[in-house]
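Data first, discussion second: the structure below is written as structure tokens.
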Amino acid sequence: MIKFLQATKRYPGGHDALLNVNFEMQQGEMAFLTGHSGAGKSTLLKLIALIERTSRGQVIINGENTSKVKSRRIPYFRRNIGIIFQDHQLLFDRTVYDNVALPLIIAGQPPREIARRTRAALDKVGLLNREKSYPITLSGGEQQRVGIARAVVNKPSLLLADEPTGNLDPELSWEIMQVFEQFRQVGVTVMVASHDLDMIQKMGHRILALKAGQLIGDTAQPGQG
Amino acid sequence: MAMKPDQLFEDVVSRDKPGLSTSIRTYFLRHAQVFFYSLGQLWRTPFSMFMTAAVIGIALALPTGMHVLLSNAQQLSGGWDGAAKVSLYLKQKTTEQQAQKLANKIRKREEVAEVEYISSKKGLEEFKQRTGYDTALKALDDNPIPATLVVTPSLSFNDAEQIEALAEQLGKYKQVDLVQLDSEWVQRLFAIMDIVSQGVVILGIMLSIGVLLVVGNTIRLAIQNRRDEIVIVKLIGGTDAFIRRPFLYTGFWYGFFGGLIALILVFLSLFLMSGPVENLAGLYQSQFDLHKMDFRTIITILALSIGLGLGGSWIAVGRHLREIEPR
Numbered sequence: 001m002i003k004f005l006q007a008t009k010r011y012p013g014g015h016d017a018l019l020n021v022n023f024e025m026q027q028g029e030m031a032f033l034t035g036h037s038g039a040g041k042s043t044l045l046k047l048i049a050l051i052e053r054t055s056r057g058q059v060i061i062n063g064e065n066t067s068k069v070k071s072r073r074i075p076y077f078r079r080n081i082g083i084i085f086q087d088h089q090l091l092f093d094r095t096v097y098d099n100v101a102l103p104l105i106i107a108g109q110p111p112r113e114i115a116r117r118t119r120a121a122l123d124k125v126g127l128l129n130r131e132k133s134y135p136i137t138l139s140g141g142e143q144q145r146v147g148i149a150r151a152v153v154n155k156p157s158l159l160l161a162d163e164p165t166g167n168l169d170p171e172l173s174w175e176i177m178q179v180f181e182q183f184r185q186v187g188v189t190v191m192v193a194s195h196d197l198d199m200i201q202k203m204g205h206r207i208l209a210l211k212a213g214q215l216i217g218d219t220a221q222p223g224q225g
Numbered sequence: 226m227a228m229k230p231d232q233l234f235e236d237v238v239s240r241d242k243p244g245l246s247t248s249i250r251t252y253f254l255r256h257a258q259v260f261f262y263s264l265g266q267l268w269r270t271p272f273s274m275f276m277t278a279a280v281i282g283i284a285l286a287l288p289t290g291m292h293v294l295l296s297n298a299q300q301l302s303g304g305w306d307g308a309a310k311v312s313l314y315l316k317q318k319t320t321e322q323q324a325q326k327l328a329n330k331i332r333k334r335e336e337v338a339e340v341e342y343i344s345s346k347k348g349l350e351e352f353k354q355r356t357g358y359d360t361a362l363k364a365l366d367d368n369p370i371p372a373t374l375v376v377t378p379s380l381s382f383n384d385a386e387q388i389e390a391l392a393e394q395l396g397k398y399k400q401v402d403l404v405q406l407d408s409e410w411v412q413r414l415f416a417i418m419d420i421v422s423q424g425v426v427i428l429g430i431m432l433s434i435g436v437l438l439v440v441g442n443t444i445r446l447a448i449q450n451r452r453d454e455i456v457i458v459k460l461i462g463g464t465d466a467f468i469r470r471p472f473l474y475t476g477f478w479y480g481f482f483g484g485l486i487a488l489i490l491v492f493l494s495l496f497l498m499s500g501p502v503e504n505l506a507g508l509y510q511s512q513f514d515l516h517k518m519d520f521r522t523i524i525t526i527l528a529l530s531i532g533l534g535l536g537g538s539w540i541a542v543g544r545h546l547r548e549i550e551p552r
């Protein structure tokens with residue numbers, strides 16, 4: 001599902017945000033990406049979502065080499081990836097329902113399908129009763145769940161989360177992680193960047209550790225690599 | 226958080242695609258929605274919307290109004306174009322007999338359709354009637370008005386060059402004192418109107434460019450205001466076309482309302498001018514009515530205005546959307 005081959009990202013000025021990173025993730029696998037800020041977690045996620053491109057090496061997503069994806073095709077490429085942000089990135093002038101429906105509208109789904117899937121996604125994160133609210137009236141945890149519903153509404157096969165629990169208390173964080181765990185169980189590949197080591201340990205999934213742009217640890221579980 | 230059985234992900238791998246006819250229907254439905262959504266967005270800030278539309282309206286009303294007035298003037302003078310006549314003022318000594326003889330001679334020419342003889346006595350009567358210099362003329366010993374032959378060229382000899390050639394030949398008769406082409410001032414008027422109409426075209430082009438820039442700048446600000454939204458939409462797979470669409474429709478609406486304001490302004494101006502014009506026409510014993518804009522002009526102005534709105538937003542969107550990328 002995800003394959004990094006000697007992937008390197010050098011920013012203008014010569015700083016290597018990622019250096020010769022190699023790893024592979026299977027469909028339906030879940031992994032945590034750890035490391036201090038500046039270790040390259042965000043850059044790695046950006047390479048997967050084609051927000052950045054590799055300077056050297058290759059990143060292969062779902063059998064597709066990202067360096068071969070033309071700019072014009074990037075939107076279609078991204079529709080197969082659900083992205084969850086630390087700061088939620090919600091549209092504050094639209095209701096919860098409209099926020100979650102946006103990926104389906106973009107993908108050109110028929111209205112009945114949009115209504116059905118949006119409600120299903122909101123139901124899944126337990127926010128069906130808040131569909132008419134505006135994001136500003138929700139708590140931080142609820143906003144994050146809206147972000148998750150939006151990321152999964154288009155049934156992506158890959159879910160990326162950048163510090164999804166960064167601003168949440170441990171209990172809420174744990175709930176969010178359980179949501180991810182559920183998605184993994186139905187075959188979604190999930191990658192979560194986080195530095196909450198306690199919680200990562202408790203989850204018991206694969207951990208990829210980054211330091212200064214290099215992969216220094218990979219607890220790949222047997223039978224999955 | 227209550228978790229439901231996985232209705233949402235039962236077909237995670239095989240993502241269902243809508244059929245073609247559904248896709249097309251959805252596509253048009255989406256366009257219609259964005260079309261009215263962008264209108265709704267504008268209505269939320271009616272004042273700033275009105276300001277922009279008014280700038281467009283005033284800029285377009287100016288050349289439109291001038292065009293309408295000009296076409297009125299052309300219509301008015303068009304009536305005189307065909308009726309070019311040549312007046313031959315005869316020398317004072319010419320007797321009525323000689324004048325009639327000359328008139329007959331000229332009538333035989335193939336270029337001439339009609340010759341009217343106006344004796345000096347009759348000419349004086351007409352002059353008195355028209356001007357009211359009755360008493361002043363009584364003070365004169367002699368009749369100062371010469372006998373006149375008014376020559377109407379035949380229809381096949383009606384263009385300006387032929388009439389000028391005819392006038393030159395008629396001037397060679399020895400009884401003729403002075404030849405005057407009635408069409409000369411009409412031609413001068415036409416030449417002036419040509420210049421004015423060129424001016425209107427140039428003014429129209431310049432103001433159109435102005436409208437393009439006004440819309441472009443307004444859309445540029447709108448894009449900057451929605452920067453965050455654009456980034457989010459790009460991150461969740463929105464194509465450039467999807468992002469461009471609401472801005473293009475916003476440009477459409479600016480153009481539409483601007484055109485509407487322009488038409489209203491021109492209608493109002495024509496309405497205010499029609500009274501005085503009627504008065505003036507009355508002084509000339511003319512039944513001239515100020516023509517309003519015809520249907521074709523109205524449609525053209527609206528289409529042009531909408532085109533400028535779309536064009537302006539297209540330029541702005543093309544330049545600025547590329548600069549906004551997720552980081």
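Respectively, the protein sequence lines represent chains A and B.
At position 10 of the first sequence (counting the first as 1) the number is 10 in the numbering used here, and the numbers step up by one without a gap.
Counting from 1 along the second sequence, just add 225 to a position and that's the residue number in the numbering used here.
The C-beta atom is built at its ideal place from N, Cα and C for all residues, glycine as well.
Source: prediction; values computed, not measured.
Assignment of beta strand (DSSP E) within the segment 293 to 357 of chain B, counting only whole runs of 3 or more residues, yields 311 to 315, 337 to 343 in chain order. Among the CB atoms of chain A, none fall inside 8 Å of the CB of B/Val491. For A/Gly141, the enclosing alpha helix (DSSP H) starts and ends at 140 to 152. Within chain A, the residues placing a beta-carbon under 7 Å from that of B/Gly463 are Pro75, Ile106, ordered along the chain. For B/Tyr479, DSSP records no beta bridge to any residue. Look at A/Met30 here: in three-state DSSP terms it is strand.
Under the 8 Å Cβ criterion, the segment 102 to 121 of chain A does not count as touching the segment 161 to 181 of chain A, having fewer than three qualifying pairs. The Cβ atoms of B/Leu488 and B/Ile526 sit closer than 8 Å to each other. Distance from B/Gln317 to B/Pro371 at the Cβ level is roughly 6 Å; contact confirmed, criterion being Cβ atoms closer than 8 Å.
If only complete runs of 4 or more residues are kept, the segment 46 to 103 of chain A shows the alpha helix (DSSP H) at 74 to 78, in order along the chain. Near chain A, meaning a CB-to-CB distance below 8 Å, the residues of the segment 254 to 274 of chain B are Leu254, Arg255.
Here the alpha carbon of A/Thr43 sits roughly 37 Å from the alpha carbon of B/Gly244. The count of Cβ pairs closer than 8 Å, one atom from the segment 432 to 450 of chain B and one from the segment 272 to 284 of chain B, reaches three, so the stretches are in contact. Neighbourhood of A/Arg10 in chain B, by CB distance below 8 Å: empty, with the nearest CB roughly 16 Å away. Look at B/Ala279 here: in three-state DSSP terms it is helix. Neighbours of B/Thr247 in chain A, taken as residues whose beta carbon is under 8 Å from its own, are Pro110 in chain order. One finds Leu102, Ile106 in chain A with Cβ atoms closer than 8 Å to the Cβ of B/Val458, taken in chain order.
Close to B/Thr525, with beta-carbon spacing below 9 Å, lies no residue of chain A; the smallest spacing is near 35 Å. For B/Leu546, the secondary structure class from DSSP, reduced to helix, strand or coil, is coil. Pairing A/Lys3 with A/Ile48 gives a Cβ-Cβ distance that is not under 8 Å.
Under the 8 Å Cβ criterion, the segment 262 to 277 of chain B does not count as touching the segment 452 to 465 of chain B, having fewer than three qualifying pairs. Rounded to whole angstroms, the gap between the alpha carbons of A/Lys211 and A/Val21 is 11 Å.
Judged by DSSP in its simplified three-state form, A/Gly38 adopts coil rather than helix or strand.
For B/His516, the three-state secondary structure derived from DSSP is coil.
In the structure shown, A/Thr165 adopts coil according to DSSP, grouped into three states.
The C-alpha of B/Arg413 lies about 22 Å from the C-alpha of B/Leu505. A direct Cα-to-Cα measurement between A/Gly213 and A/Pro135 gives close to 35 Å.
Taking 8 Å as the threshold, the shortest C-beta distance from B/Pro551 to chain A falls below it. Under the 10 Å beta carbon count, B/Asn450 is surrounded by fewer than 16 other beta carbons and is classified as exposed.
About 11 Å separates the CB atoms of A/Leu128 and A/Arg145; that is not less than 8 Å, and the two are not in contact. A distance below 6 Å between beta-carbons, with the five flanking residues on each side excluded, links A/Gly108 to no residue of its chain. At a cut-off of 8 Å between C-beta atoms, A/Leu208 does not count as an interface residue with respect to chain B.
When only Cα atoms are considered, A/Val186 and A/Arg79 end up about 18 Å apart. Taking CB atoms only, A/Ile61 has no neighbour in chain B less than 8 Å away. Interface annotation, B/Phe467: in contact with chain A, CB-CB separation under 8 Å. Here DSSP, grouped into helix, strand and coil, assigns B/Leu365 to coil.
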